[in-house]
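Numbering (my numbering), first residue to last: 96 to 180. Virtual Cβ for every residue (Gly too), placed ideally from N, Cα, C. Please read all numbers here as calculations on a predicted model, not as lab measurements. Working notes, structure below.
Structure below.
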């Protein structure tokens with residue numbers, strides 16, 4: 096998944112805004128069948144129990160190819176908690 100990210104500071108806090116795109120190809124149908132476009136920001140929360148903790152908040156546009164070759168989309172707002180030991 097290609098991802099563009101740029102670490103920066105905002106209101107005295109380190110943040111990393113990013114954009115990413117995840118494209119799927121179905122060999123059985125010989126077609127691109129799904130695309131996920133992400134826009135988000137990662138915010139480090141510090142260290143806990145010897146791990147670096149971060150929270151991501153993102154918007155994802157998920158597009159899927161149907162059986163009749165029509166595209167449908169889902170709009171998703173999500174969060175992700177990550178810990179690096």
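Taking the Cβ atoms as the reference, residue 152 lies roughly 5 Å from residue 174, within the contact range of under 8 Å.
Across the structure, residue 167 and residue 110 are spaced so that their CA atoms are roughly 32 Å apart.
Residue environment: residue 135 is assigned as buried (16 or more neighbouring CB atoms within 10 Å of its CB, all protein chains considered). Bridge pairing for residue 130: 118 and 158 [DSSP].
Counting only the Cα atoms, residue 116 lies some 6 Å from residue 96. Distance from the CA atom of residue 161 to the CA atom of residue 118, rounded to whole angstroms, is 15 Å. For residue 99, the closest alpha carbon among the candidates 114, 106 and 105 is that of 114.
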